Every structure is written in structure tokens, then in C-alpha cells.
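Throughout, our numbering is defined as the position within the sequence shown, counted from one, plus 7. Working notes for the structure below.
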Amino acid sequence: MTFDDTRLRLDRALADVTRTFRGMTARSDETQCVCHWGSDDELALLKTPGGDLDPDLLRRTWDATDFTDHGAVLRRILPQFARELVAGRIEALFGMHEVGRSFARGHWQQWPTRQSAAVREFLDAWWTHGLNDPDPAVPVHQLLALCAEASGTLTPWLDTWEALDHPVADRHLAAAVAEWEYELMGDALPWGTWDDEDALRAELTAWLVRYAPDRLRALDGTDELQHRVRLLGLTGPARWEDPHYPVRSY
8 MTFDDTRLRL
18 DRALADVTRT
28 FRGMTARSDE
38 TQCVCHWGSD
48 DELALLKTPG
58 GDLDPDLLRR
68 TWDATDFTDH
78 GAVLRRILPQ
88 FARELVAGRI
98 EALFGMHEVG
108 RSFARGHWQQ
118 WPTRQSAAVR
128 EFLDAWWTHG
138 LNDPDPAVPV
148 HQLLALCAEA
158 SGTLTPWLDT
168 WEALDHPVAD
178 RHLAAAVAEW
188 EYELMGDALP
198 WGTWDDEDAL
208 RAELTAWLVR
218 YAPDRLRALD
228 GTDELQHRVR
238 LLGLTGPARW
248 EDPHYPVRSY
């Protein structure tokens with residue numbers, strides 16, 4: 008699949024999200040804190056079909072953790088939210104995994120088949136496009152965290168990456184290793200998660216140890232990264248006493 012093919016697939020997925028969720032609203036009895044979230048007039052916008060929210064209201068809406076029915080709220084904003092995500096115009100204070108948590112709070116995988124399939128295809132298409140994009144609006148290491156948190160699993164996203172034997176995807180891998188190795192070397196997941204942190208960290212580490220060396224060897228200037236990946240496959244003194252173990256505190 009070429010870069011243009013992945014962009015076409017993503018455009019189709021975005022269009023399907025718009026068709027599927029057009030006209031949906033938050034529950035008529037939805038409430039929010041006027042002091043901490045926003046005004047009654049802003050809440051009324053979520054109960055009104057159609058129309059984009061201003062960027063600040065959109066941020067407060069997807070980021071809020073205390074809606075009575077977050078799933079309904081998420082469905083209301085999804086056409087706009089998905090477009091803004093792909094364009095790189097959504098900022099999360101601590102990282103894009105927070106966006107993934109918003110999807111997870113909405114329990115989208117339990118929605119009616121038509122709706123859950125639209126979200127799944129959007130995430131799949133966005134992930135595939137990001138891996139093929141030399142300069143994605145959302146860096147691939149951040150997008151992986153988002154997709155993992157949204158879906159509750161790393162496996163399908165890593166499988167897609169592994170199946171893509173392409174220099175662009177390999178460069179994203181090198182950038183991701185550079186971002187992740189500090190936390191992974193300290194036996195921590197490189198992003199915050201609500202559930203199964205140890206299992207996710209173990210899966211990501213094992214995948215890197217198995218998959219990354221060959222891909223990194225195909226790139227120039229990755230010798231030190233290759234050593235860091237090798238160290239991830241070691242434990243205890245074998246890791247700490249290795250001459251390439253970084254001298255730093257955790």
C-alpha cells in the first residue's frame with residue numbers, strides 16, 4: 008500500500024465517521040460542573056446536533072472524566088474530533104495517550120456494530136497512514152500510545168508495524184526507540200496507562216528486542232540505539248554491568 012493509498016483510506020474513514028455520527032448528541036439530562044468545566048450554554052451545545060465546537064470547548068469536552076454518559080458525548084464530537092486529531096490540532100497535556108483514554112471511557116468497542124466498526128477503521132487507517140507518513144502530524148510513538156489506550160491492547164498495532172517493511176516505518180521505529188528507551192530501561196511503560204502496565208511494558212519490550220535490531224541495522228547512525236535495544240533483552244547485573252549501559256539515575 009502506497010502513501011497515497013493510506014491517505015485515501017484515511018479520508019474514507021474520516022468520511023465514514025462523519026456519516027455514522029452526524030446528528031448525534033449528548034443525553035438531554037447530561038450535567039457538568041459550571042465552575043470546573045464550562046457554562047450551561049456550552050453544555051447545551053453538546054445536546055444540540057451538528058456544528059463544531061470551538062477548540063477550547065472541544066478540549067474540555069474530550070478531556071473531561073466525569074460526564075454521566077461519556078460515550079454519548081464522544082459520539083457527539085467524533086466527526087470534528089477525528090478531523091482535528093488527524094490534522095495534529097489536538098494537544099494533550101501529558102501525551103496523546105490521554106486521547107486514547109477518552110476513547111476508552113466512551114466504551115466504543117461496546118457500541119452498535121456500525122458505530123464501533125467506524126471507530127475501529129478510523130484508528131486502523133490513521134495508524135497505517137502514520138507509519139507511512141515521513142512527517143506525520145502526530146508522531147508515531149505518540150499515536151501508538153493513543154491506539155493502545157483506546158483499544159486496550161498493543162498487539163494489533165505492533166503487528167501492523169512489523170508487517171510494514173519500509174524505510175519510513177523504520178525511521179519511525181528509530182525515533183520511537185529514542186523516545187522510549189529511558190523509561191523501558193527503568194522497567195516502566197513510556198506512557199501512563201490505567202490497566203496492565205506491566206503486561207504492556209513486557210509486550211512492547213519483547214517486541215522491540217525481537218523486531219527492532221534488524222530494522223535499525225538498515226539505518227545509518229543507530230549503533231547506540233541498537234545497543235539500547237540489546238540491553239532491554241537483559242536483566243539484572245547483565246544489563247547494569249554492560250559497558251553500554253547508560254550512566255543515569257531512574
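Beta carbons: idealized from backbone N, C-alpha and C, even for Gly. Keep in mind the model is a prediction, meaning the values are calculated, not measured.
Taking 8 Å as the threshold (C-beta atoms), are residue 104 and residue 156 in contact?
yes
For this session: Return helix, strand or coil for residue 255, following the three-state DSSP convention.
Result: coil
| Where the alpha helix (DSSP H) through residue 110 begins and ends | 104-112
Secondary structure of residue 173, DSSP reduced to three states: coil
- Query: What is the rounded straight-line gap between the Cα of residue 77 and the Cα of residue 112?
  - Reply: 6 Å
query = Is residue 140 closer than 8 Å to residue 10 when the C-beta atoms are compared?
reply = yes
Review point. Among 239, 87, 109, 173, which residue has its Cα nearest to the Cα of residue 57?
Key: 87
Checklist entry - By how many angstroms is the C-alpha of residue 167 removed from the C-alpha of residue 8? => result 12 Å
Residue 10, enclosing alpha helix (DSSP H) - first and last residue | 10-28
### Query
Does the stretch 184-203 come within contact of the stretch 147-155, defined as at least 3 CB pairs closer than 8 Å?
yes
(request) Would you kindly report the start and end of the unbroken alpha helix (DSSP H) that includes residue 230? (result) 230-239
### Query
What do you reckon, are the CB atoms on residue 195 and residue 146 nearer than 8 Å?
no
Hey, is the stretch 118-138 in contact with the stretch 66-75, meaning 3+ C-beta pairs nearer than 8 Å? no
On a Cα-Cα basis, can you pick out the residue from 21, 101, 85 that is closest to residue 60? 85
query: Where does residue 30 land, buried or exposed, given buried means 16+ other C-beta within 10 angstroms?
result: exposed
### Query
What distance in whole Å lies between the Cβ atoms of residue 65 and residue 91, which are believed to be in contact at a cut-off of 8 Å?
7 Å
query = Are there 16 or more other CB atoms within 10 angstroms of the CB of residue 222, so buried, or fewer, so exposed?
reply = buried
Which one of 232, 71, 171 has the shortest CA to CA distance from residue 41? 71
Between the CA atoms of residue 192 and residue 246 - distance to the nearest angstrom | 9 Å
Taking only the alpha-carbon atoms, compute the straight-line gap between residue 238 and residue 63 and give it to the nearest angstrom.
43 Å
The alpha helix (DSSP H) that contains residue 122, what's its start and end? 120-139
- Task: Please list, in chain order, all residues of the same chain as residue 212 whose beta carbon is under 6 Å from its beta carbon, the five residues on each side excluded.
- Result: 191, 239
| query | Alpha carbon to alpha carbon, how far is residue 54 from residue 83? | reply | 8 Å
**OP:** State the Cα-Cα distance for the pair residue 230 and residue 99, rounded to the nearest angstrom.
**Re:** 32 Å
Out of 43, 216, 133, state which residue places its alpha-carbon closest to the alpha-carbon of residue 184.
216
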